[in-house]
Amino acid sequence: MASTLGNTLDFLKDFGFFDVVVPFLLFFAIIFAFLEKTSILGNKKSNVNLIVALSISLLVVATNKAVNFISTVIPNMVLVLVLLVLFVMITGVFFKEGDFEFYQEHKVWFGIFMVILFILTIGFVLQA
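Read the sequence shown against numbering that gives the first Met the number 0 and you will find it ends at 127, with the numbers running on by one and no gaps.
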């Protein structure tokens, strides 16, 4: 027996919510935040930043290849983020605050860890 929530998610999937609305919101939020933070278009230009972010996000969603690329890469990147958060949580369990500074004490291991994350990111992007 299907649940109400399962039916709702199926309806949203059939409606195209995850193919159009979610990528649009993701790109809009990222582009708008980038424009606000960098002030490329000028200080106190939130209206202009909003219009530019909206336009770029609509163009991205209109391009089928970009949406397919996003739909392929995002789940893999979320998996990497979950693994990273778990690593940080596990590390935090064993060390009290201020007692362990991974970057300061183990610069080589930190570099290796960053290279591995970079390789995983590139691998996920190329897989898409």
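All C-beta atoms in this analysis are idealised placements derived from N, C-alpha and C, irrespective of residue type, glycine included.
By the CB criterion at 8 Å, Ala52 and Ile30 fall inside the cutoff.
At least 8 Å separates the beta-carbon of Leu49 from that of Leu40. Cβ-Cβ distances below 6 Å link Val19 to Val60 in the same chain, with the five nearest sequence neighbours on each side left out; the list follows chain order. Rounded to whole angstroms, Phe23 and Phe109 show a C-alpha spacing of 34 Å. About 12 Å separates the Cβ atoms of Leu116 and Val87, ruling out a contact at the 8 Å cut-off.
Here the alpha carbon of Ser38 sits roughly 18 Å from the alpha carbon of Ser56.
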